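Trainee: First residue of the sequence shown? That's -15 in the numbering used here, and the numbers climb one at a time after it. Got a structure here, written out as structure tokens. Questions coming.
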Amino acid sequence: MAGGTFTTQDKTRPGVYINFESVPKASGTLGDRGVVTMALPLSWGADHAVIAVNAGDDTSKLLGYDIATPQLLLVREALKRAKTILLYRLNAGTKAKVTVGGLTATAKYGGVRGNDLTVTIQQDIDDELVYIVRTMLQGVVLDEQTAAAIDGLQANDWLTFSGTGALTATASAPLTGGADGTATNQDHSDYLEAIELTDFQTIALVSTDNTLKTLYTAFVKRLRDSEGVKVQAVLENYATADYEGVISVKNGVVLSDGTSLTAAQATAWMAAATAGAAVNQSLTYSPYEDAVDANPRYTNSQIEAALRAGEIVFTRNNGRIVVEQDINTLSSYTPTKQRHFSKNRVLRVLDGINNDMKRTFESTFVGKVANTDDGRNLIRNEYNKYFDLLQNLSAIQNFDAQTDVLVKVGDDSESVYAEVNVQPVDAVEKIYMKVQVR
């Protein structure tokens, strides 16, 4: 007896033909958050390249220093809230090197960190024809290998070796000549071009340069308004952006060890906190970890003026340093873009809808689903299940699947037009209480 599967009911032989298929489920889910990007001048690491640094990573090989060192202060601050930093080293620097006999050892990357490297070459006591070559960083052995000649040495995570001939013993040969170099505005332009090809939620500009602020703002506006990629930039003292895609940090903080962070430096934490915040989370009154004071402090009237201008202000509250209000720089409201667009919790919901739906429809529906009533019903069901999920998370409220989603054929045969009504939920920020005393 024949069997198998079928596409249409046109089989010739008698038999049983069975198709198995999954019950359709919503493919749309909430996108991952927690990815921040920033470009910094560094003293070690691949230059002009995007380096992914995750919380818990050993940064020594990637960036040349332990995460607890002052050189990685801003990376450490960002990792207080971010899951991943897409870090870009702006400066190339000059590589440190040292020559011992016919051997030249060169630091893998440019920068002053290379000057802390040392090479030792010691004859093997068990085989006088072989030498033990060690790469050391401030007295710590990073790599050890044996070779009979220079061409037998292999590059490691810190050094490359060149030259020919025999090795020459040396107790200590420190590398010299390493320099960090200077980053230019063109380096920032190159960074923006590179980072556009990655996925992230926020970008921090750790600079007071107004030319760069304009550049970063234009970059984010293009991504949001022309490319449909909803990200936010975090800049210092740039309320004039007057745009929901730009967050302006007015002041910095003082950490418990006495380290003072400027507003520009505090953009690293703020961008990370924004990237790491969930769609149902506000950063209003969110504490800045390990901060003991604001830098500088502001009076009540100064804080109110900053909030009206659309700026992030760090203030003291019950012994903690907190974000006074989770807002962006949008302050000129219009009928189509009203005050709720200036609240970052609301914007995270709207941006999440954009990014999640774009990802879902591009991967699952575009080019794959017929533009028929059945196909459009699949799209409608996708919307309904996604917005039900947001409502269960208290990211939106009052959603009615029967009345709040309209999906119909577009102006041509390959187009679908949809209208969705959503009401994002904001956090309680002001409590007014009347107490009657009897």
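Quick reminder that beta carbons are idealized off the backbone N, C-alpha and C, glycines included. On a predicted model such as this, the values are computed, not experimentally measured, just so you know.
Should K214 go down as buried or exposed, given a rule of 16 or more other Cβ atoms within 10 Å for buried?
Mentor: buried
Trainee: Would you say the beta carbon of I179 comes nearer than 7 Å to a heavy atom of the ligand SAH?
Mentor: As presented, the structure is devoid of all ligands, the ligand SAH included, so that no description of it is given.
Trainee: Please confirm whether T186 and V218 have their CB atoms less than 8 Å apart.
Mentor: yes
Trainee: Can you check whether the CB of V82 is closer than 8 Å to the CB of L159?
Mentor: yes
Trainee: Starting from the Cα of L47, find the closest Cα among V34, L26, A39 and R65 and give me that residue.
Mentor: L26
Trainee: Going by the DSSP bridge assignment, what does F383 pair with across the sheet?
Mentor: According to DSSP, F383 bridges with nothing at all.
Trainee: Roughly how many angstroms lie between the CA atoms of R60 and D226, to the nearest whole one?
Mentor: 30 Å
Trainee: Could you check where the beta strand (DSSP E) with D241 kicks off and where it finishes?
Mentor: Neither: D241 is in no beta strand (DSSP E) and is coded neither H nor E.
Trainee: Go ahead and label K321 buried or exposed: buried means 16 or more other beta carbons lie within 10 angstroms of its beta carbon, across all protein chains shown.
Mentor: Under this definition K321 is an exposed residue.
Trainee: Quick check: the Cα distance between P54 and I296, rounded to an integer number of angstroms?
Mentor: Cα to Cα, P54 sits roughly 25 Å from I296.
Trainee: In chain order, what are the residue ranges of uninterrupted beta strand (DSSP E) at least 3 long that sit wholly in the segment 191 to 233?
Mentor: 216 to 220 and 230 to 233
Trainee: In this structure, how does DSSP classify D135 when only helix, strand and coil are distinguished?
Mentor: helix
Trainee: Where does A290 sit, in a helix, a strand or coil, going by DSSP?
Mentor: helix
Trainee: Tell me whether the beta-carbon of V37 lies closer than 8 Å to the beta-carbon of I69.
Mentor: A contact, by the Cβ cut-off of 8 Å.
Trainee: Taking contact to mean 3 or more Cβ pairs, one atom from each stretch, closer than 8 Å, check whether the segment 397 to 408 and the segment 377 to 384 are in contact.
Mentor: yes
Trainee: Helix, strand or coil: which one does DSSP assign to A402?
Mentor: strand
Trainee: Report back the beta-carbon spacing between R300 and P271 to the nearest angstrom; my notes put them in contact at under 8 Å.
Mentor: Between P271 and R300 the Cβ distance is about 11 Å, and since that is not below 8 Å, they are no contact.
Trainee: Please say whether V20 and A275 have beta carbons closer to each other than 8 Å?
Mentor: no
Trainee: Thinking C-beta only, is D31 closer than 8 Å to G77?
Mentor: yes
Trainee: Let me check one thing: in DSSP terms, what residues is N279 bridge-paired to?
Mentor: G236
Trainee: So A402 packs on V391, CB below 8 Å; how close in whole Å?
Mentor: 5 Å
Trainee: With distances taken Cα to Cα, identify the nearest neighbour of Y423 among T130, G294 and A163.
Mentor: Only positions -15 to 422 of the chain appear in the structure, and residue 423 is not among them; the question remains open.
Trainee: Suppose the cutoff is 6 Å on Cβ atoms and the five residues either side in sequence are ignored; what does the same chain contact list for L74 look like?
Mentor: A23, P25, A167 and D171
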